[in-house]
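Residue numbers (my numbering): 11 to 107. The beta carbon of each residue, even a glycine, is placed where N, CA and C say it ideally should be.
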């Protein structure tokens with residue numbers, strides 16, 4: 011789903027929503043923020059809501075794709091992107107017990 015599709019699709023009903031965001035790149039030292047957010051996505055079983063078309067927002071001269079090499083052979087090309095998910099984490103009392 012893209013941002014333009016949102017007018018045609020209803021958002022889920024969320025109670026007391028908050029936003030947790032992580033930004034990749036030079037300010038994500040050692041992937042700390044993005045790895046923490048990926049952990050929360052997995053632990054809380056987040057549901058993908060939408061992906062925003064990155065061509066409208068990224069300057070690919072600055073935000074270049076990441077190439078992963080294994081034994082000198084290109085294995086994966088990862089383009090920058092914005093992915094939005096939602097979840098219902100456990101109650102605070104369960105999180106801190």
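Of the choices the options, whose alpha-carbon is the least far from that of residue i?
i	options	result
residue 91	68, 97, 77	68
residue 76	22, 35, 21, 45	35
residue 62	41, 97, 89	89
residue 21	95, 100, 101, 99	95
residue 98	54, 72, 87, 45	54
What's the C-alpha gap between residue i and residue j?
i	j	result
residue 60	residue 83	32 Å
residue 66	residue 23	28 Å
residue 70	residue 86	17 Å
residue 73	residue 64	10 Å
residue 25	residue 79	43 Å
residue 100	residue 58	18 Å
residue 52	residue 41	16 Å
residue 27	residue 43	20 Å
residue 29	residue 45	16 Å
residue 49	residue 81	28 Å
Report the CB separation of residue i from residue j in whole angstroms; it is logged as a contact under 8 Å.
i	j	result
residue 38	residue 32	7 Å
Inset, instruction - May I have a chain-ordered list of the alpha helix (DSSP H) segments no shorter than 4 residues that lie completely inside the segment 12-62? - result: Runs of the alpha helix (DSSP H) inside the segment 12-62: 42-53.
Legend entry - Ranges of the beta strand (DSSP E) found wholly within the segment 66-94, counting only runs of at least 3: Counting only runs of 3 or more, we get 76-80, 83-88.
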